[in-house]
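In our numbering, the protein residues as written are 36 to 161.
In structure tokens form, the structure reads like this:
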């Protein structure tokens with residue numbers, strides 16, 4: 036089925052949607068602008084512009100991919116914990132399985148993928 040061109044024009048911009056989702060996830064997890072900037076590989080001023088609506092993640096950028104992983108992390112953690120307070124506590128607590136605090140681990144790409152894999156495994160054990 037081919038959609039009319041008008042219907043395609045009405046789709047929300049993926050960059051705008053993911054930008055809002057990443058900001059919301061960071062807020063619910065209690066991450067600072069500096070911490071979110073580290074996760075996304077952006078500067079702190081760029082995160083500030085994201086918050087004010089002056090910057091949107093580009094679908095072709097590495098930051099877009101990192102934001103998608105970060106939102107996946109949040110969704111997995113939310114499914115496991117069920118509330119924001121527990122998720123905020125977990126992200127800042129020492130985790131022996133991860134070898135550190137998740138908030139520190141997610142500042143690198145390898146750490147972010149490790150935390151996502153850990154949460155995915157905890158969310159759907161075999």
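Cβ atoms here follow ideal geometry from the backbone N, Cα and C, with glycine treated the same way.
Query raised in the report: In whole angstroms, what is the alpha-carbon distance linking residue 117 and residue 51?
Result: What you label residue 117 is simply residue 82 of the chain shown in a count that begins at 1. What you label residue 51 is simply residue 16 of the chain shown in a count that begins at 1. So the alpha carbons of these two residues sit roughly 26 Å apart.
Query raised in the report: What are the residues that DSSP puts in a beta bridge with residue 135?
Result: For the purposes of this step, residue 135 is identified with residue 100 of the chain shown, where counting begins at 1. Paired residues: 130.
**Report entry** Reduced DSSP secondary structure (H/G/I, E/B, other) of residue 90
**Finding:** On the chain shown, residue 90 is found 55 positions in, with the first residue counted as 1. Coil at residue 90, not helix or strand.
Requested in this report: Starting from the C-beta of residue 85, find all residues in its chain whose C-beta is less than 7 Å away, skip the five residues before and the five after it, and write them out in chain order.
Outcome: Here the question's residue 85 lines up with position 50 in the chain shown. Same-chain partners within the cutoff: 54, 58.
Requested in this report: Look at the Cβ atom of residue 136, then the Cβ atom of residue 150, and state whether they are nearer than 7 Å.
Outcome: Along the chain shown, read from residue 1 onward, the residue named residue 136 stands at position 101. Along the chain shown, read from residue 1 onward, the residue named residue 150 stands at position 115. For residue 136 and residue 150, no; Cβs fall outside 7 Å.
Query raised in the report: Which whole-angstrom value describes the C-beta separation of residue 68 and residue 79, a residue pair presumed to lie in contact below a C-beta threshold of 8 Å?
Result: Along the chain shown, read from residue 1 onward, the residue named residue 68 stands at position 33. Along the chain shown, read from residue 1 onward, the residue named residue 79 stands at position 44. The Cβ separation is near 5 Å, so the contact holds.
Query - Within the stretch 42–68, ranges of the alpha helix (DSSP H) (whole runs, at least 4 residues) - result: DSSP runs (the alpha helix (DSSP H)) wholly in the stretch 42–68: 49–64.
Query - Integer-rounded CB distance, given that residue 98 should sit under 8 Å from residue 76 - result: For this step, residue 76 is matched to residue 41 along the chain shown. For this step, residue 98 is matched to residue 63 along the chain shown. Right, their Cβ atoms sit about 5 Å apart.
**Report entry** From 81, 114, 105, residue whose alpha carbon lies closest to that of residue 142
**Finding:** Reading the chain shown from its first residue, position 107 is the one you call residue 142. Selected option, being the one with the closest Cα: 105.
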